[in-house]
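Residue numbers (the numbering used here): 847 to 1399.
Built from N, CA and C at the ideal position, the CB exists for glycine as well.
The model shown is predicted, which means the values in this text are computed figures rather than measured ones.
These notes are about the structure you will find just below.
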């Protein structure tokens, strides 16, 4: 079964109950609520394709791009929540015809030009070397969108298309929706936890068991030392991820089992001993948000983070449906390599909704021999196996977004840090805390010392060390500053800038010192055996910084 079917019986409808509130907040300028049916009805709108070019205009340009995206999404939501149409007629004994889009245009190589030609060459070379199928890059500086470009393919040739059958490649577009993977941790979970701090609901050095007693049901003295600060900085000593052995959450999503497993996960290191990246830390933080707000995590971040920012194409559980001759259902399309039809579309309907813009990730490799979806292509379902077993919503992974929306988040954050007008849903002082070293034992001067070491290695034309000083890992609340995961910083942005990575091939890096950000969203794991994107992201960040002539480059 697909994860769309695991959540619950109600999630088989076109518009799951949790989704409706989220869609309402997104489409307020593109329709109306029918008072009789209480359904959202989109008003006609003309939607232009998102521009993919060097952008020289200022912030109103971004607004126009996002307004077009909002109009498109309002229309999509209305279609997704409309009554199910009657089945397409077909000769007796044959399935209905599959409703598909027009054949995709051929994949064209982007010609390098202008100040950002080096960025284009880097991405083109990576695609030519089969290191990734495609990518979208966006660069902002001094409050302006400087560059946005899509490259390569969203879907590789021969992989399942929108009806589940092998099909031609699909070109990457600037409005492609990506699985954010661990960018979920900073886009959603970290921001939500910091809102709790601003409301006086938590203190960073409080033990986790203060808020979640089942974290230490046996009153273990070592677990009693684990604090919220340690969860936020990955210094709790908890292991990296939950075990995926056994059938839990495979046949039907089991969120409660996942939460129990996270809250009782053993310590592998002593608390505060060392940086050890852990998805479990952020699963627990997601549970914290739910317990203290009384709202499901996906609904809370939609209403309190994404909607206030105007991130109209960002959400957990993207509302899609795809039905075809091979596989069907819910928030996913998966492909059975043996060609069998594992399920029929409800009521014989065959349709495609938002799915056409979502980049597929990988074939499901979770637990062969037990997993009924093993080797099926994931598209619209979170790739992370733990989040998938929990129904698609976890504090560690599950959010989907576009480069435009991630750029909105990055720009609003930089605006708030700089003291400019901003709708970012946190204060300047809270963001200053979150984006500077906060790991246990942090000291003033650590950033300057690390940056000096970093600059010395760059000056010697050596590959920089990440972290710059061996054994000194610098983490903010949620954000990465200088650790083995900091390669997307490149060689020009200093230690003290910050960012995050996501396993699917997505990275963002922000530098308040130069008032700049670089976002690389790639579907690197769609290509079997594709290498991590962090090295390419670092090269792109360096090329972008040079194009902007930052720090004397």
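Using the beta-carbon count (16 or more within 10 Å), is residue i buried or exposed?
i	result
residue 1275	exposed
residue 1089	exposed
residue 1308	exposed
residue 1008	buried
residue 1046	exposed
residue 1137	exposed
residue 1389	buried
residue 1214	exposed
residue 1306	exposed
residue 912	Because residue 912 carries a pLDDT of 33, less than 50, the predicted location of this residue cannot be relied on, and the following value inherits that uncertainty. Flag for residue 912 reads buried.
residue 976	exposed
residue 1280	buried
Suppose you measure from the CA of residue i to the CA of residue j; what does that come to, to the nearest Å?
i	j	result
residue 1057	residue 1051	12 Å
residue 1135	residue 1037	10 Å
residue 1140	residue 1132	12 Å
residue 1097	residue 1217	7 Å
residue 1385	residue 1358	19 Å
residue 1151	residue 1158	11 Å
residue 1272	residue 1014	44 Å
residue 1011	residue 1383	32 Å
residue 1331	residue 1277	21 Å
residue 1269	residue 1262	8 Å
residue 1379	residue 964	17 Å
residue 1244	residue 993	27 Å
Tell me which residues share the same chain as residue i and place their Cβ nearer than 6 Å to its Cβ, disregarding the 5 neighbours each side in the sequence.
i	result
residue 1286	1081 and 1118
residue 1257	986
residue 1129	1108, 1240, 1241 and 1242
residue 1367	982, 1024, 1249 and 1352
residue 1397	1338
residue 1160	1152, 1247 and 1251
residue 1299	1314 and 1315
residue 1124	1080, 1084 and 1086
residue 1093	1216
residue 1019	996
residue 1035	1128, 1131, 1132 and 1241
residue 1348	1026, 1027, 1028 and 1029
Out of the options, which has the shortest C-alpha to C-alpha gap to residue i?
i	options	result
residue 1106	1253, 1013, 1063 and 1264	1063
residue 1395	988, 974 and 956	988
residue 1340	1233, 1375 and 1302	1302
residue 1164	1148, 1200, 992 and 1153	1200
residue 1113	1372, 1068, 1095 and 1251	1068
residue 1072	984, 1055, 1110 and 1298	1055
residue 1065	1110, 1078, 1101 and 1092	1110
residue 1232	1091, 1029 and 1017	1091
residue 1236	1277, 1262, 1143 and 1223	1143
residue 1362	1345, 1377 and 1370	1345
residue 1202	1210, 1225 and 1220	1225
residue 1028	1127, 1266, 1149 and 1104	1127
residue 1335	1304, 1370 and 1317	1304
residue 1031	1377, 1325, 1375 and 1392	1325
Could you pull out every residue in the same chain whose Cβ sits closer than 8 Å to the Cβ of residue i, ignoring the five residues on either side in sequence?
i	result
residue 1381	1333
residue 1320	1283, 1285, 1288, 1292, 1293, 1296, 1313, 1327, 1328, 1329 and 1341
residue 1121	1079, 1080, 1081, 1285, 1319, 1321 and 1329
residue 906	Its pLDDT being 30, under 50, residue 906 is placed unreliably by the model, and the measurement read from it follows with that caveat. If we look at residue 906 and ignore the five residues flanking it on each side, it has no Cβ neighbours.
Could you check what DSSP says for residue i in three-state terms: helix, strand or coil?
i	result
residue 1347	strand
residue 1400	For residue 1400 there is no data in the structure shown, the boundaries of the chain being 847 and 1399.
residue 1016	strand
residue 1050	coil
residue 1339	coil
residue 1072	coil
residue 980	strand
residue 1128	helix
residue 1090	coil
residue 1220	coil
residue 953	coil
residue 1322	coil
residue 1373	coil
residue 1248	coil
residue 998	strand
residue 1036	helix
residue 1395	coil
residue 1101	helix
residue 1006	strand
residue 1188	Unreliable placement is indicated for residue 1188, whose pLDDT of 38 sits below 50; the coordinate value is still reported in the next sentence. Correct three-state label for residue 1188: coil.
residue 1096	coil
Apart from the five residues just before and just after residue i, which ones in its own chain have a Cβ nearer than 7 Å to its Cβ?
i	result
residue 1002	979, 1015, 1372 and 1373
residue 956	966, 970, 995 and 997
residue 1255	1033, 1155 and 1157
residue 1265	1274
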